[in-house]
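Taking it in order: structure first as structure tokens, then the write-up.
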Amino acid sequence: IRCGYSEPTITNNVIRGNRGRYGGGIVLFYSAGIVKNNLIAENSGGEDFGGAGLWIVGGLSHRLTTLVEHNTIVGNRSATPDSAARGMKGRGGALIAAGTKVVFRNNIVWANTQTIGNQVNFSPGTPPEMSNNLVQGGAPGTGNLDTDPKFAETTRYTLAPDSPAKRAAGGRLELGAYGGAGGAPIKR
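Here our numbering is used: the sequence shown runs in plain steps of one and ends on residue 193.
See below:
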């Protein structure tokens with residue numbers, strides 16, 4: 006999904022198996038949107054500007070913020086064809102955020118890979134506001150966990166009954182794509 010110069014609402018989707026030279030799953034280019042209750046899995050790319058799962062670059066305005074909430078971002082791969090990662094190239098297997106305000110909360114970020122850096126990559130000048138996420142390798146912010154989410158299966162990535170993401174976010178909400186208002190497991 007690629008959006009430019011817009012204010013999209015992207016909710017309740019399975020975004021899987023896509024490929025892009027940047028942002029294999031979702032691209033928000035100079036956009037301020039809502040990305041909520043999505044499964045963003047097994048996308049690849051990042052050869053040019055990183056961010057195989059989500060690529061959020063450039064602010065639509067100084068007033069608007071992008072909200073990324075209650076998503077499961079898993080198994081995405083950002084890689085460069087060479088070993089010389091420069092700029093955003095090959096970074097942020099799950100997320101690249103640069104030059105814009107992003108609120109990133111109640112998400113599960115697991116098993117994403119990248120050539121260099123962390124699963125969540127951002128510019129120092131505009132770090133995302135991160136809270137109550139489960140991020141493999143850890144993340145700055147408040148209430149973030151770094152522990153196995155214990156998926157019950159790896160098709161829909163639902164959580165096992167003993168998952169630490171079941172009662173996270175202050176004990177109130179399930180993290181990931183199926184938590185929060187509007188979240189429900191995909192039935193197939």
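Virtual Cβ for every residue (Gly too), placed ideally from N, Cα, C.
Nearest residue (CA-CA) to residue i, options the options
| i | options | result |
| --- | --- | --- |
| G25 | G181, G58, A144 | G58 |
| C8 | F34, T118, G98 | F34 |
| G51 | L44, E74, Q124, N42 | Q124 |
| A182 | A103, I101, N138, P129 | N138 |
| G98 | G184, F109, A186, R82 | R82 |
Simplified DSSP assignment, three categories, for residue i
| i | result |
| --- | --- |
| M135 | strand |
| I6 | coil |
| S83 | strand |
| R193 | Low confidence applies here, because R193 scores a pLDDT of 47, under 50, leaving its location unreliable; read the following figure in that light. Coil, per DSSP. |
| R26 | coil |
| N43 | coil |
| I121 | coil |
| L180 | coil |
| E52 | coil |
Rounded straight-line distance, which links the Cα of residue j to that of residue i
| i | j | result |
| --- | --- | --- |
| G143 | M135 | 11 Å |
| T14 | L44 | 15 Å |
| F156 | N112 | 14 Å |
| G56 | A102 | 8 Å |
| T120 | R161 | 26 Å |
| L180 | R68 | 27 Å |
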